[in-house]
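Counting from 1 along the sequence shown, just add 54 to a position and that's the residue number in our numbering. A short worksheet on the structure shown next.
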Amino acid sequence: MLIKHQTMCPNNSSISRLSAEAPFSTGVRILSEAERTADLLSRAEVALRNRIERALTISLAGLDFINIREMRMRRRVRADLRSLVDWHWGEGSVTEPDLNS
Numbered sequence: 055m056l057i058k059h060q061t062m063c064p065n066n067s068s069i070s071r072l073s074a075e076a077p078f079s080t081g082v083r084i085l086s087e088a089e090r091t092a093d094l095l096s097r098a099e100v101a102l103r104n105r106i107e108r109a110l111t112i113s114l115a116g117l118d119f120i121n122i123r124e125m126r127m128r129r130r131v132r133a134d135l136r137s138l139v140d141w142h143w144g145e146g147s148v149t150e151p152d153l154n155s
């Protein structure tokens, strides 16, 4: 059959020659490789998605920490400015505001 196939189709590719030699086993092997590749890609996609989600969670937690720190710093600066203005005009605290904290 292989000789007949080659004489009928002299310009056949290696794939068609393989399928002419052993159509069933080659088809099953190629299919299982495709399934394994799809499974590996699916697992890699899930792992990548989990890593991205974890990285974003860590980043967002870091941003929350930075935002909280920034808010505290702004409050401290506002309080220091109020104290400075009050001290300058003599309307509030008598002590000099602590600008080093």
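Heads up, the beta-carbon is just placed ideally off N, CA and C, and yes, glycines get one too.
Next on the checklist: Can you look up G144 in the DSSP assignment and give me helix, strand or coil?
Outcome noted: Walking along the sequence shown from the start, residue 144 turns up at place 90. DSSP places G144 outside both helix and strand once states are collapsed to three, so it counts as coil.
Next on the checklist: Quick check on the DSSP output: what are the complete alpha helix (DSSP H) runs of length 4 or more inside the stretch 93-146, in order along the chain?
Outcome noted: Listed in chain order, there is nothing to give.
Item to check | Rounded C-alpha distance that separates E99 from R126 | outcome: Taking the sequence shown and counting its residues from 1, one reaches residue 99 at position 45. Taking the sequence shown and counting its residues from 1, one reaches residue 126 at position 72. Roughly 40 Å between the two C-alpha positions.
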